[in-house]
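Worksheet for the structure shown next.
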Amino acid sequence: MIYLEVFMAFFIPGILGYGGGPASIPLIQHEVVNRYEWMSMSEFSEVLAISNALPGPIATKMAGYIGYEVAGWPGLAAGLFATVAPSLILMIVLMGFLYKYRHSPKVKRLTAYVRPVIGVLLGILTLQFFTNAWEGAGGWQTAGMLVASYLLLEKTKLHPALVIVLAIIYGILFLG
Amino acid sequence: MQWKIFLAFFRVGIFGYGGGPASIPLVQKEVVEHYNWMSDEEFGDTLAIANTLPGPIVTKLAGYIGYSRGGVLGALNGVTAIIAPTALLMILFFSILSQYRDASWVSGLANGVLPVVTVLMGVLTWGFIKKSGGDLGWTKTIAFIIGAAVVLGVLGVHPAIVIAVLLIAALVQKDPPKREEDAST
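Sequences listed follow chains A and B, in order.
Going by our numbering, the first sequence opens with residue 50, and the numbers climb by one from there.
Going by our numbering, the second sequence opens with residue 4, and the numbers climb by one from there.
Structure (structure tokens):
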């Protein structure tokens, strides 16, 4: 049942990713690329890049698009519902309870314990992207582009969407 | 009211760059400054609670604030307004791209984009690690990182299992007695 698979692929990242949408990116990658094999790592990186270049939340853009790719419009609905609904329903239902315990050390520990693991997952994903970039564009091109995009993003604080557009133009002209 | 909810979160979705967390200040602007639906303090509390739950944060804010202003319909409205326009843009973009799947410039596009994605993910990784260092202290954080790297990277355990185990550990672990008093106030 494809819709159930789409639901599960986004339900797990949605319910375990502490630290907002970006925290669930490596978990989504695990389900979509490794487990269900709906796309290759390089396709996944394209989806992630375009998600970053367009406005709005990233995890839902990925869930909507991947759900649509895999199972059409109902797939889009399943992916979005699985990403957004479970934790939203928890929040609405448990508001009073959560409000009371919002300063409890237990509640704080939940986020604190999961965060370094998300950091490691993001780090592993970064390494995989790096290897793919190396294989795709070669060592020198990759190294140059890494340095250039780091400087543009972090030092000159150029808008990420612009950096991605520049990289797309550069790639089309020189790396095709 | 439903129209206002839609507009507020439509604007957040369409003007917020850099993902959900980056657009939280825009939500605050709409909800506190523009529509006066909550005070700054209420907004802060709502945000803190959204942070204690997993999953995307800005959609939780849209859903919860939509719900508190306009019931279940308001929740659906707020969430749809923030996610639908850009999800549709994604589909539009890729459906155009897929017509040129075999053209060499499309593989150039993928090659060009990978290094930037690597840097964006690297920066995001560092953000999470730095925040952990602040929360748990660096010794604990480094221990966590090494442990997680071995279990996830070397042993290949599914991340869901690792996170589930940690969540249980966080809940069962006994609190220092003094902190417990703070919690009940």
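Just so you know, even glycine gets a beta-carbon here, dropped at the ideal spot from N, CA and C.
SER101 (chain B) and LEU159 (chain A) have their C-alpha atoms spaced approximately 41 angstroms apart.
Collapsing the DSSP output to three states places GLU33 (chain B) in a helix. Taking all protein chains in view, the Cβ of TYR114 (chain A) is crowded by 16 or more other Cβ atoms within 10 Å, so the residue is classified as buried. The C-beta of ALA113 (chain B) comes closer than 8 angstroms to at least one C-beta of chain A. If the five residues before and after ALA65 (chain B) are omitted, its C-beta is found closer than 6 angstroms to the C-beta atoms of PHE12, GLY81, VAL82 and ILE85, all from its own chain and listed in chain order. In this structure, TYR199 (chain A) lies near VAL122 (chain B), with their beta-carbon atoms less than 8 angstroms apart.
A straight-line Cα-Cα distance of about 43 angstroms links MET88 (chain A) and LYS177 (chain B). If you compare the alpha carbons of B:VAL15, B:TYR20, B:TRP40 and B:SER26 with that of MET4 (chain B), the shortest gap goes to B:TRP40. Nearest C-alpha to ALA151 (chain B) among A:GLY187, A:PRO165, A:LYS204 and A:GLY188: A:PRO165. ASN54 (chain B) has a beta carbon lying within less than 8 angstroms of a beta carbon in chain A. Per DSSP, the continuous alpha helix (DSSP H) segment holding GLU54 (chain A) begins and ends at 51–65. Here PRO106 (chain A) is near GLY22 (chain B), since their CB atoms are less than 8 angstroms apart. For ILE167 (chain A), the chain B residues whose Cβ falls inside 7 angstroms of its Cβ are PHE131, in order along the chain. Residues VAL109 of the same chain have their beta carbon placed closer than 6 angstroms to that of TYR103 (chain B), with the five preceding and five following residues left out of the count. The criterion of a C-beta distance shorter than 8 angstroms is satisfied by LEU56 (chain B) and SER136 (chain A). TRP141 (chain B): member of the alpha helix (DSSP H) spanning 141–151, first to last residue.
Residues of chain A whose Cβ lies closer than 8 angstroms to the Cβ of PHE12 (chain B) do not exist, since the nearest Cβ in that chain is about 10 angstroms away. Taking a beta-carbon distance threshold of 8 angstroms, ALA127 (chain A) does not count as an interface residue toward chain B. The beta carbon of ALA163 (chain B) is closer than 7 angstroms to none in its chain, skipping five residues each way along the sequence. Annotation: the stretch 64–88 of chain A contains the following complete segments of the alpha helix (DSSP H) (minimum length 4 residues), in chain order: 74–78.
Annotation: TRP129 (chain B) to VAL157 (chain B) spans about 21 angstroms, alpha carbon to alpha carbon. Annotation for TYR20 (chain B): no alpha helix (DSSP H) segment contains it, and DSSP assigns it neither H nor E. Rounded to whole angstroms, the gap between the alpha carbons of GLU33 (chain B) and LEU76 (chain B) is 19 angstroms. At a Cβ-Cβ threshold of 8 angstroms, GLY69 (chain B) and ILE8 (chain B) count as neighbours. The three-state reading of DSSP puts VAL133 (chain A) in helix, counting H, G and I together. For ILE94 (chain B), the neighbours in chain A by C-beta distance under 9 angstroms run, in chain order, GLY113, TYR114, TYR117, GLU118 and LEU125.
Here the stretch 187–203 of chain A makes no contact with the stretch 80–96 of chain A; the two share fewer than three CB pairs at distances below 8 angstroms. Counting only residues of its own chain and dropping the five nearest sequence neighbours on each side, VAL160 (chain B) has a CB closer than 7 angstroms to the CB of VAL154. Using a Cβ-Cβ cut-off of 8 angstroms, THR205 (chain A) does not count as an interface residue toward chain B, since no Cβ of chain B sits closer than that to its own. The DSSP-derived three-state label of LEU159 (chain A) is helix.
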